[in-house]
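**Q** There's a structure below that I have some questions on.
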Amino acid sequence: MKIRIRFAKTGHMRYVGHLDLMRYFQKALRRAEIDVQYSQGFSPHQIMSFASPLGIGLTSEGEYMDIEVNSVMSSQKMTDCINQAMTEGVQVLSCRRLAAEGKTNAMALIAAADYEVRFRRGYAPFETEEQMTEQWRAFIGQPHICILKKTKKSETEMDIRPLILEDQVESSVFRLKLAAGSSQNLKPETVMEAFAQFCSHALSPYALDIHRLDMYARMENGFCALETLGEEIYE
Amino acid sequence: MRKLALPDEVLLSIDKSARYIGGEMNSVMKSKDAVNVRFAMCFPDVYEIGMSHLGIQILYHMLNIREDVWCERVYSPWTDLDAVMREKGISLFALESQDPVREFDFLGITLQYEMCYTNVLQILDLSGIPLMAVERSEKDPIVIGGGPCTYNPEPLADFFDLFYIGEGETSYYALLDLYKENRAAGGRREDFLRKAAGVPGIYVPSLYEASYHQNGTLADFKPLCAETPARICKQVQVDEARLFYPDAPVVPFLKVTQDRVVLEIQRGCIRGCRFCQAGMVYRPLRERNLDYLKGLASKMLDNTGYEEISLSSLSSSDYRQLYPLITHLIEDCGQKRVNISLPSLRIDAFSLDVMRKVQDVKKSSLTFAPEAGTQRLRDVINKGLTEEQILEGAAQAFHGGWNKVKLYFMMGLPTETEEDRMGIAHLSEAIAKRYYEEVPKEKRNGKVQITASASFFVPKPFTPFQWAGMYTKEEYLRRAHQVNDEFRTQLNRKSMHFQYHEADVTVLEGVLARGDRRVGAVIQEAYRLGCLYDSWSDYFDNVKWMQAFANTGISPEFYTLREREENELFPWDFIDIGVTRKFLRREWERAMAAEVTPNCREACSGCGAAVFQGGICHEN
Chain A
248 MKIRIRFAKT
258 GHMRYVGHLD
268 LMRYFQKALR
278 RAEIDVQYSQ
288 GFSPHQIMSF
298 ASPLGIGLTS
308 EGEYMDIEVN
318 SVMSSQKMTD
328 CINQAMTEGV
338 QVLSCRRLAA
348 EGKTNAMALI
358 AAADYEVRFR
368 RGYAPFETEE
378 QMTEQWRAFI
388 GQPHICILKK
398 TKKSETEMDI
408 RPLILEDQVE
418 SSVFRLKLAA
428 GSSQNLKPET
438 VMEAFAQFCS
448 HALSPYALDI
458 HRLDMYARME
468 NGFCALETLG
478 EEIYE
Chain B
20 MRKLALPDEV
30 LLSIDKSARY
40 IGGEMNSVMK
50 SKDAVNVRFA
60 MCFPDVYEIG
70 MSHLGIQILY
80 HMLNIREDVW
90 CERVYSPWTD
100 LDAVMREKGI
110 SLFALESQDP
120 VREFDFLGIT
130 LQYEMCYTNV
140 LQILDLSGIP
150 LMAVERSEKD
160 PIVIGGGPCT
170 YNPEPLADFF
180 DLFYIGEGET
190 SYYALLDLYK
200 ENRAAGGRRE
210 DFLRKAAGVP
220 GIYVPSLYEA
230 SYHQNGTLAD
240 FKPLCAETPA
250 RICKQVQVDE
260 ARLFYPDAPV
270 VPFLKVTQDR
280 VVLEIQRGCI
290 RGCRFCQAGM
300 VYRPLRERNL
310 DYLKGLASKM
320 LDNTGYEEIS
330 LSSLSSSDYR
340 QLYPLITHLI
350 EDCGQKRVNI
360 SLPSLRIDAF
370 SLDVMRKVQD
380 VKKSSLTFAP
390 EAGTQRLRDV
400 INKGLTEEQI
410 LEGAAQAFHG
420 GWNKVKLYFM
430 MGLPTETEED
440 RMGIAHLSEA
450 IAKRYYEEVP
460 KEKRNGKVQI
470 TASASFFVPK
480 PFTPFQWAGM
490 YTKEEYLRRA
500 HQVNDEFRTQ
510 LNRKSMHFQY
520 HEADVTVLEG
530 VLARGDRRVG
540 AVIQEAYRLG
550 CLYDSWSDYF
560 DNVKWMQAFA
570 NTGISPEFYT
580 LREREENELF
590 PWDFIDIGVT
600 RKFLRREWER
610 AMAAEVTPNC
620 REACSGCGAA
630 VFQGGICHEN
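Residue numbers (our numbering), protein chains in the order written: chain A, 248 to 482; chain B, 20 to 639.
Pasting the structure below:
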């Protein structure tokens, strides 16, 4: 049975990288005595996959992990059990059952992610909030936003404008819905760098405080939060 | 939410910032206002090394059981953070509370190997604690050292307020109670140190004085006042029921060196290898109860979620309940999907059978530690392993499907001759030859792969070889090259790989291991010149160390090259490890005559460890 787990990663846990977080969950699920399925072979491992890695330093309340289990308990009980085996900074928000049939894997389905982006205190390269909002409007109003994308071998130009799906600025907080997934993926840092460049400002690598809010799949009726693709399990 | 000592800008600019955040599973949080004593327990190396150390986990657990004490962990900041802390004036902090180490009552530093000594100074320096103990004030933590290197604490005597000699289980509580009493009574730092000198196992270096002969050797070493004990007795916990063991060890976020549950099956060793310090200072052997270990293994796995367990001891094959223990673990762990990683076991039918069950034969290798190339030299070092046993074990393993063999040797052992060195190549060759004889062509899984690693022998205090002389760096390298050349003339040279340890580190380790108080100045000068992480070959800088010797006018050769006189007073002789100097000297003489001494189980050789009233000495 496939279970989708939504969790938050905050506080000091934002300095724990993706691979270490995977190892963390492997141990945590064992501590919580969740009946996780193991792969076959000489060194079996838990069947577990993450929707999209979160960069070091970022926080989130919309992280997703899919696991396979041999037996289930209710969504509430499973959430409580895992949370009892957690350390501060990681909290499971929901555990939901995925349909046995069809394409359900979060890593394959993810199409967009919402972010909240703030400038850290003292790092905003603008005099006033109004100025920032005004500049943003001008930036986002462009038909194309071309950036140089560095690959291992070369630099290619890329238009990121179509990957910025929604945007909003309010009280110095940027809310962005950006394309995500294996085919098209845009990082909020990339957007903000392009914005700073547009305003002829240099952006310090520590200027941004980025929080992921949720991740989405593209369905017939628009974007659906990955959580909503699973169903609640009752006793 | 817990605050972090390092600002985001710093945490984002350094490698592996998870080393510095604390908050791991089973780490202990308390309120600093609710405890009387704050203890910072430090392993002076990088987090991944320090977190792999069992002793710290034991002490951490033992101290935190007390409600009035909060023990937190400290590790060496890696070189990138070290530079940032110096530049920005950030003080070293403990992982749990993220509070500065300077604010603690105690800073405990475990001394596991000599090459960490400059890191000890880094810890003090970054904490803002004066390097020299005499310069510390009432505000500074009491700096206490422990671990194997305290069996000769003298090179570090100037930097520590106290040393704890032996196992932490016996005297730590008394020491902490004394600290509380002294403070409650309005006592000062010096009052506490003076009283601490009376606690069994506690050595207060500032209360002792060393004097030297004209030739540089130690003339006298004695306490400054009559009430301070002249000898410090090593602490041993012989009451098994009072050996602490954490059933919920701290689980790091990062992948550390020892990323698994570690089960200590016994303390001490019966073997009596003459080069081995651990084999002497941890006497007597004390085996843990089988049922206790079964229960403990299960609890630790449940509390950590680890997917692997390994056994810890100096010589696991000597644990008499090894067969039932491993059988139980294979059964129990198989159900829990836990892997068992085996310590180096003596290769025999049983261990090969077990290894086949828990390892992928194709990927794993067999390890033998003959230590020396000829039987004569193996007799000198009292390594009870014969060539026939090695070849027979290898043959069985080859039939079992293994084709990778690791061999460990030492060069520069006392009495070593050219023949002994050539023996390293010849023994390796004999094993390779055995593979091709034993395994028919159609059953071979490619070539046999033999890796022979040699380190250079460093004589350690409290071993029968404590009198031995060492060699120069050039001589070590000459010997290594000789062995290397011999390997190249062997028939199966293409199946064999020979590698050896760095010679300059060996010489330095030799100075620090048997150094006296005067060596402290060299360590401080080397640190001032920028030496740090000396155990990491990328960072070890021999030129700076040699400069430090030159600047302080201290000769490394005095400590290394000389074979010591039978009656020379050693800097560590004020420590009583139970095993007597008389026994060690007898063993030295037997070594010179290449006579083997039976192990503790075969016959008691009267080493002196029976004085502790427990363990193997009193089994019957």
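Every residue, glycine too, gets a C-beta built ideally from N, C-alpha and C.
Under a Cβ-count criterion, where at least 16 other Cβ atoms within 10 Å of its own Cβ denotes burial, should B:His-232 be classed as buried or exposed?
**A** What you label residue 232 of chain B is simply residue 213 of the second sequence in a count that begins at 1. If you draw a 10 Å sphere on the C-beta of B:His-232, you find fewer than 16 other C-beta atoms in it, and that means exposed.
**Q** Can you find a CB in chain A that lies within less than 8 Å of the CB of B:Ala-37?
**A** Locating residue 37 of chain B in the second sequence gives position 18, counting from the first residue. Any Cβ of chain A closer than 8 Å to the Cβ of B:Ala-37 would place that residue at the interface, and such an atom is present.
**Q** Short check: CB of A:Met-320 to CB of A:Phe-297, under 8 Å?
**A** Sequence index remark: in the first sequence, residue 320 of chain A carries index 73 (1-based). Sequence index remark: in the first sequence, residue 297 of chain A carries index 50 (1-based). The answer is no: Cβ separation not under 8 Å.
**Q** Just the C-alpha distance for B:Arg-533 and B:Tyr-552, rounded to the nearest angstrom, thanks.
**A** One-based indexing of the second sequence puts residue 533 of chain B at position 514. One-based indexing of the second sequence puts residue 552 of chain B at position 533. Whole-angstrom Cα-Cα distance: 20 Å.
**Q** Compute the Euclidean distance between the alpha carbons of B:Pro-343 and B:Glu-606, then round it to the nearest angstrom.
**A** The residue given as residue 343 of chain B occupies position 324 in the second sequence. The residue given as residue 606 of chain B occupies position 587 in the second sequence. Using only the alpha carbons, I get a separation of about 35 Å.
**Q** So with Cβ pairs under 8 Å, would you call B:Val-270 a contact of chain A?
**A** In the second sequence, the residue the question calls residue 270 of chain B occupies position 251. Taking Cβ atoms only, chain A reaches closer than 8 Å to B:Val-270, which makes this a yes.
**Q** Note down the Cα distance separating B:Arg-305 from A:Ala-346, rounded to an integer number of angstroms.
**A** The sequence position of residue 305 of chain B within the second sequence is 286, counting from 1. The sequence position of residue 346 of chain A within the first sequence is 99, counting from 1. Approximately 56 Å between the Cα atoms of the pair.
**Q** List the residues of chain A whose Cβ lies closer than 7 Å to the Cβ of B:Gly-431, in chain order.
**A** The residue given as residue 431 of chain B occupies position 412 in the second sequence. What B:Gly-431 touches in chain A: nothing, since even the nearest Cβ is about 40 Å away.
**Q** Please report the Cβ distance between A:Ala-426 and A:Leu-433, rounded to the nearest whole angstrom; I am assuming they are in contact, meaning their Cβ atoms lie under 8 Å.
**A** Here residue 426 of chain A is taken as the residue at index 179 of the first sequence, counted from 1. Here residue 433 of chain A is taken as the residue at index 186 of the first sequence, counted from 1. Going by Cβ atoms, the distance from A:Ala-426 to A:Leu-433 rounds to 5 Å, so yes, they are a contact pair.
**Q** Following the continuous alpha helix (DSSP H) through B:Ser-32, name the residue where it begins and the one where it ends.
**A** Indexing the second sequence from 1 puts residue 32 of chain B at position 13. Element bounds for B:Ser-32: 27-32.
**Q** Under 7 Å between beta-carbons, which chain A residues line up against B:Ile-40? List them in chain order, please.
**A** Locating residue 40 of chain B in the second sequence gives position 21, counting from the first residue. Those are His-259 and Tyr-262, listed as they occur along chain A.
**Q** So, using beta-carbon positions, are B:Pro-248 and B:Ala-215 closer together than 8 Å?
**A** For this step, residue 248 of chain B is matched to residue 229 along the second sequence. For this step, residue 215 of chain B is matched to residue 196 along the second sequence. B:Pro-248 is not a Cβ neighbour of B:Ala-215, given a cutoff of 8 Å.
**Q** Touch check for the segment 362-372 of chain B and the segment 320-338 of chain B: three-plus C-beta pairs under 8 Å?
**A** yes
**Q** By DSSP, does B:Gly-187 sit in helix, in strand, or in coil?
**A** Along the second sequence, one-based indexing puts residue 187 of chain B at 168. In this structure, B:Gly-187 counts as coil in the three-state DSSP scheme.
**Q** Between B:Gly-324 and chain A, is there a C-beta pair that is closer than 8 Å?
**A** As a first step, residue 324 of chain B must be located in the second sequence, where it is residue number 305. Closer than 8 Å: yes.
**Q** Starting from B:Arg-497 and walking both ways along the alpha helix (DSSP H), at which residues does that stretch end?
**A** Within the second sequence, residue 497 of chain B is the residue found at index 478, counting from 1. Counting along the chain, the alpha helix (DSSP H) containing B:Arg-497 begins and ends at 492-507.
**Q** If the cut-off is 8 Å on Cβ atoms, which residues from the segment 282-295 of chain A count as contacting chain B, listed in chain order?
**A** Tyr-285, Phe-289, Ser-290 and Pro-291
**Q** What is the residue span of the alpha helix (DSSP H) that A:Val-416 lies within?
**A** As a first step, residue 416 of chain A must be located in the first sequence, where it is residue number 169. Careful: A:Val-416 lies outside any alpha helix (DSSP H), inside the beta strand (DSSP E) at 411-417.
**Q** Could you check the C-alpha separation between B:Gly-431 and A:His-259 for me, to the nearest Å?
**A** In the second sequence, residue 431 of chain B corresponds to position 412, counting from 1. In the first sequence, residue 259 of chain A corresponds to position 12, counting from 1. Those two C-alpha atoms are separated by around 49 Å.
**Q** Of the residues B:Ser-514, B:Gly-314, B:Asn-503 and B:Gln-354, which one's Cα is nearest the Cα of B:Ala-449?
**A** Your numbering for residue 449 of chain B matches position 430 in the second sequence. Nearest option by C-alpha distance: B:Ser-514.
**Q** By DSSP, does B:Gly-164 sit in helix, in strand, or in coil?
**A** Numbered from its first residue, the second sequence carries residue 164 of chain B at position 145. B:Gly-164: strand per DSSP, three-state reduction.
**Q** Suppose the cutoff is 6 Å on Cβ atoms and the five residues either side in sequence are ignored; what does the same chain contact list for A:Gln-325 look like?
**A** In the first sequence, the residue the question calls residue 325 of chain A occupies position 78. According to the sequence provided, residue 325 of chain A is Met. The question's Gln does not apply to it. Within the same chain, A:Met-325 has close Cβ partners Cys-342.
**Q** Please report how far the alpha carbon of B:Glu-200 lies from the alpha carbon of B:Glu-115, in whole angstroms.
**A** The residue labelled residue 200 of chain B in the question sits at position 181 within the second sequence. The residue labelled residue 115 of chain B in the question sits at position 96 within the second sequence. Rounded to the nearest angstrom, the gap between the Cα atoms of B:Glu-200 and B:Glu-115 is 26 Å.
**Q** In chain order, what residues of the segment 296-322 of chain A put their CB closer than 9 Å to some CB of chain B?
**A** Ile-303 and Gly-304
**Q** Would you call the CB atoms of A:Ser-307 and A:Lys-274 closer than 8 Å?
**A** Within the first sequence, the letter at position 60 stands for residue 307 of chain A. Within the first sequence, the letter at position 27 stands for residue 274 of chain A. Cβ atoms of A:Ser-307 and A:Lys-274: not closer than 8 Å.
**Q** With a CB to CB cut of under 7 Å and the five nearest residues on each side skipped, what residues in its chain are close to B:Ala-567?
**A** Residue 567 of chain B sits at position 548 when you count from the first residue of the second sequence. Hits under 7 Å: Val-541, Glu-544, Ala-545 and Leu-548.
**Q** What does A:His-458 pair with, by DSSP beta-bridge criteria?
**A** As a first step, residue 458 of chain A must be located in the first sequence, where it is residue number 211. For A:His-458, which the question treats as bridged, DSSP gives the partners A:Thr-306 and A:Glu-363.
**Q** Along chain A, which residues have their Cβ under 9 Å away from the Cβ of B:Leu-510?
**A** Working through the second sequence from its first residue, we reach residue 510 of chain B at position 491. What B:Leu-510 touches in chain A: nothing, since even the nearest Cβ is about 35 Å away.
**Q** Terminal residues of the continuous beta strand (DSSP E) containing B:Ser-329?
**A** What you label residue 329 of chain B is simply residue 310 of the second sequence in a count that begins at 1. Note, B:Ser-329: beta strand (DSSP E), 327-331.
**Q** List the endpoints of the continuous beta strand (DSSP E) containing A:Gln-338.
**A** For this step, residue 338 of chain A is matched to residue 91 along the first sequence. Note, A:Gln-338: beta strand (DSSP E), 337-344.
**Q** For B:Tyr-23, would you say it is in contact with chain A, using Cβ-to-Cβ distances shorter than 8 Å as the test?
**A** Here residue 23 of chain B refers to the residue found at position 4 when the second sequence is read from its first residue. Here residue 23 of chain B turns out to be Leu, not Tyr, going by the sequence shown. B:Leu-23 counts as touching chain A.
**Q** Can you name the residues of chain D whose CB is closer than 7 Å to the CB of B:Glu-43?
**A** The structure shown contains no chain D; its protein chains are A and B.
**Q** Taking C-beta to C-beta, are A:Val-364 and A:Ile-407 nearer than 8 Å?
**A** In the first sequence, counting from the first residue as 1, residue 364 of chain A sits at position 117. In the first sequence, counting from the first residue as 1, residue 407 of chain A sits at position 160. Contact: no.
**Q** Could you say which of B:Ala-613, B:Tyr-132, B:Cys-626 and B:Thr-571 lies nearest to B:Val-598 if we only look at CA atoms?
**A** Taking the second sequence and counting its residues from 1, the one referred to as residue 598 of chain B is at position 579. From the listed residues B:Ala-613, B:Tyr-132, B:Cys-626 and B:Thr-571, the smallest Cα separation to B:Val-598 is found for B:Cys-626.
**Q** Mind checking which residues open and close the beta strand (DSSP E) that includes A:Arg-253?
**A** By 1-based counting over the first sequence, the position of residue 253 of chain A is 6. That run of the beta strand (DSSP E) goes 249-256.
**Q** Name the chain B residues that come within less than 7 Å of A:Tyr-453, Cβ to Cβ?
**A** Walking along the first sequence from the start, residue 453 of chain A turns up at place 206. Under the 7 Å cutoff, chain B gives Asp-27, Glu-28 and Leu-31.
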